[in-house]
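Participant: Using the numbering used here, read the sequence shown as starting at 264 and increasing by one per residue.
Just so you know, even glycine gets a beta-carbon here, dropped at the ideal spot from N, CA and C.
This structure is in structure tokens; I'll ask about it shortly.
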Amino acid sequence: MIIDYDLKQKKQKIENIIDHGFIDIAGLAVYNDILFMVSDKKSLLIQYDLKLKKVIKKEKLQKKFAQEGITFDNAGNLYIADDKGQVLKIEKYLKN
């Protein structure tokens, strides 16, 4: 679910709910209108096109990590936080 809201208001209104079909989304990041999501239990990296409103790619991640947060840097590297305090790096992910 994505909630679009104004922090200045006391009551928030849900503007849109994205039904991407996955449970246990543990981390989110947006790049070029693509919502990147990680699923801890399914060990997936999911790409959801916000304009097309559909999943465009699913990638299996290693099960030995418990993926949580996700972000990118300016060089296109992907970083995923792990439950054990590790930060996993996939170099040049956005250039692939």
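Secondary structure at Lys358, three-state DSSP: helix, strand or coil?
Facilitator: DSSP places Lys358 in helix when its eight states are reduced to three.
Participant: Could you tell me the alpha carbon to alpha carbon distance between Ile319 and Ile286, rounded to whole angstroms?
Facilitator: Looking at the two C-alpha atoms, the distance is approximately 17 Å.
Participant: In angstroms, rounded to a whole number, what distance separates the CA positions of Ile277 and Lys271?
Facilitator: In a straight line, the C-alpha of Ile277 is about 15 Å away from that of Lys271.
Participant: Alpha carbon to alpha carbon, how far is Glu244 from Ile281?
Facilitator: Past the boundaries of the shown model lies residue 244; the chain is included only from 264 to 359, so the question cannot be answered.
Participant: For the beta strand (DSSP E) containing Ile343, name the first residue and the last one.
Facilitator: Unbroken beta strand (DSSP E) run through Ile343: Leu341 to Asp345.
Participant: Would you kindly work out how many angstroms separate the C-alpha atoms of Met300 and Lys352, rounded to a whole number?
Facilitator: Cα to Cα, the separation comes out at about 15 Å.
Participant: Whose C-beta lies closer than 8 Å to the C-beta of Tyr294 among residues of the same chain, with five residues either side of it excluded?
Facilitator: Cβ neighbours of Tyr294 beyond the five flanking positions: Phe335 and Leu357.
Participant: With Glu278 as the anchor, note down where its beta strand (DSSP E) starts and where it stops.
Facilitator: Here Glu278 belongs to no beta strand (DSSP E), and DSSP marks it neither H nor E.
Participant: Drop a sphere of 10 angstroms on the beta-carbon of Gln330, count the other beta-carbons inside from all chains shown, and report buried for 16 or more, exposed for fewer.
Facilitator: That one is buried.
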